[in-house]
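Remarks on the structure that follows.
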Amino acid sequence: MNYAIENQFLKIAVQEKGAELCQIQSTVTGKDFLWNANPDIWASYAPVLFPVIGAIKNGFVNYKGKQYAVPRHGFIRNNADVKLTYQTADSLTFGLKFSEKTLEIYPFEFEFLITYSLRENRVIVNHEVINHETGEMLFSLGGHPAFKCPLHDDESYEDYYLEFYAVENDSTWLLEKDGLVGNATRPVLQNTNMLHLNRHLFDTDALIFKHLVSKQVSLRSTKSAQVITMHYDDFKYLGIWAKPGGNFVCIEPWLGIADTADSDQNFETKEGILKLAAGGTFEAKFEIEISE
1 MNYAIENQFL
11 KIAVQEKGAE
21 LCQIQSTVTG
31 KDFLWNANPD
41 IWASYAPVLF
51 PVIGAIKNGF
61 VNYKGKQYAV
71 PRHGFIRNNA
81 DVKLTYQTAD
91 SLTFGLKFSE
101 KTLEIYPFEF
111 EFLITYSLRE
121 NRVIVNHEVI
131 NHETGEMLFS
141 LGGHPAFKCP
151 LHDDESYEDY
161 YLEFYAVEND
171 STWLLEKDGL
181 VGNATRPVLQ
191 NTNMLHLNRH
201 LFDTDALIFK
211 HLVSKQVSLR
221 STKSAQVITM
231 HYDDFKYLGI
241 WAKPGGNFVC
251 IEPWLGIADT
261 ADSDQNFETK
271 EGILKLAAGG
281 TFEAKFEIEI
291 SE
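Numbering of the sequence shown is given in UniProt numbering, commencing with residue 1 and proceeding in unit increments.
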């Protein structure tokens, strides 16, 4: 089931299954800004990533002497147990609490809430994690929204570029087999704030940035006026990805990262892992701004 809210600028819809944003549409022009989840290419719109980001080495983590088979990108994505918990005129909140099923693959008693709200021409995506344990809880979280690219039939993929808020000097960390992060890097941003898109940009899989100065990046075209801007002040890492043949680009704010190829699979020392004290609450949000 889908739930929708709208204001004078935007309409959004969210699938209850997986709490996945599935539409961002201008109420002014009718233009859609999210990828259509074509199953022949990539059957997702904007998966929610929790409690891990990306691939897990050998498919499991070690925690206090036990192995836990946490799925790639976690278990919110496509999860039918996620339910709408609260709705207002301009917000939708979805949640998932721990269960016997989750405890088999993730060793913590948690509650995960994600709220989508509208403020003028922005979609605000707020994540809330509550630790119901008597001890520390470990997790990562992130977003994976796929934005339509090109937006117009008379444009090409190569007409688009990403504009970072600041001049950047950063390399992508190259992925090895099974989506694990290797030790090799490739220069991508060299004293520039622009990254031009092309069909070969993602031949080695996602671009993974660890050291960006910017906390804002915009998807722009050289031929049209619409701009999609991702604001991600609360997030440490940024992934950029598209699947070959897909008319989209994913701009992915992450608090966490895929396992490294040489990982010892210890959950407590996993790169990017967040730690939440007993009874604590953690929040992080990103915002998607649509300018026309």
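Don't be surprised by glycine CBs; every beta carbon is placed ideally from N, CA and C.
Just so we're clear, the structure is a prediction, and the values are computed from it rather than from any experiment.
At least 3 beta-carbon pairs within less than 8 Å: the segment 73–81 vs the segment 32–52: yes
Three-state class that DSSP yields for T269 in the structure shown: Here residue 269 refers to the residue found at position 269 when the sequence shown is read from its first residue. T269 falls in the helix class under three-state DSSP.
Status (buried if at least 16 other CB within 10 Å, exposed otherwise) for L162: As a working note, residue 162 is residue 162 in the sequence shown. Flag for L162 reads buried.
C-alpha gap between L34 and G280, whole angstroms: Residue 34 sits at position 34 when you count from the first residue of the sequence shown. Residue 280 sits at position 280 when you count from the first residue of the sequence shown. Going from the Cα of L34 to the Cα of G280 covers about 34 Å.
Option in G246, K215, F209 with minimal Cα separation from F164: As a working mapping, residue 164 is identified with position 164 in the sequence shown. Checked all of G246, K215, F209; the closest Cα to F164 is K215.
Cross-strand partners of P187 (DSSP beta bridge): Position 187 of the sequence shown, counted from the first residue, corresponds to residue 187. DSSP, once it has assigned bridges, lists S171 as partnering P187.
Three-state secondary structure assigned by DSSP to E20: Working through the sequence shown from its first residue, we reach residue 20 at position 20. Three-state DSSP puts E20 in a strand.
T115: first and last residue of the uninterrupted beta strand (DSSP E) it sits in: Taking the first residue of the sequence shown as 1, we reach residue 115 at position 115. T115 -> beta strand (DSSP E) spans 110–119.
Top-ranked residue by Cα proximity to A284, from V82, F94, W254: Against the sequence shown, residue 284 aligns to sequence position 284. Cα-wise, what sits closest to A284 is W254.
Bridge-paired residues (DSSP) for Y237: For this step, residue 237 is matched to residue 237 along the sequence shown. Answer is W254, bridged to Y237.
Three-way DSSP call (helix, strand, coil) for E158 in this model: On the sequence shown, position 158 is the one that residue 158 refers to. Correct three-state label for E158: helix.
Limits of the alpha helix (DSSP H) - the one that residue 311 falls within: The shown model of the chain, from 1 to 292, leaves out residue 311, and the question about it has no answer.
Cα-Cα separation between S99 and N126, rounded to whole angstroms: For the purposes of this step, residue 99 is taken as the residue at position 99 of the sequence shown. For the purposes of this step, residue 126 is taken as the residue at position 126 of the sequence shown. Distance between the alpha carbons of S99 and N126 is about 23 Å.
Residues near S263 in its chain [Cβ-Cβ closer than 6 Å; skip 5 each side]: Within the sequence shown, numbered from 1, the residue matching residue 263 stands at position 263. These residues qualify, in order along the chain: K57.
Per DSSP, cross-strand counterpart(s) of E289: Indexing the sequence shown from 1 puts residue 289 at position 289. Partner(s): R122, T229.
Separation of S91 from G54, as counted between CA atoms: As a first step, residue 54 must be located in the sequence shown, where it is residue number 54. As a first step, residue 91 must be located in the sequence shown, where it is residue number 91. For G54 and S91, the distance between alpha carbons rounds to 28 Å.
Cβ neighbours of T222 in the same chain (closer than 7 Å, five flanking residues each side left out): Taking the first residue of the sequence shown as 1, we reach residue 222 at position 222. Excluding sequence neighbours, T222 sits near D159.
Stretch-stretch touch, CB-based, cutoff 8 Å, three pairs: the segment 241–259 with the segment 126–146: yes
Closest residue to I290 among H211, A277, R119, I228 (Cα-Cα distance): Walking along the sequence shown from the start, residue 290 turns up at place 290. Nearest of H211, A277, R119, I228 to I290, Cα basis: I228.
C-beta atoms of E109 and E133 nearer than 9 Å: Residue mapping note: residue 109 aligns to position 109 of the sequence shown, counting from 1. Residue mapping note: residue 133 aligns to position 133 of the sequence shown, counting from 1. Yes, these two residues count as a Cβ contact at 9 Å.
Limits of the unbroken beta strand (DSSP E) element including M1: Here residue 1 corresponds to residue number 1 of the sequence shown, with the count starting at 1. Neither: M1 is in no beta strand (DSSP E) and is coded neither H nor E.
Option in Q87, K97, A225 with minimal Cα separation from H152: Sequence index remark: in the sequence shown, residue 152 carries index 152 (1-based). The candidate whose alpha carbon is nearest that of H152 is A225.
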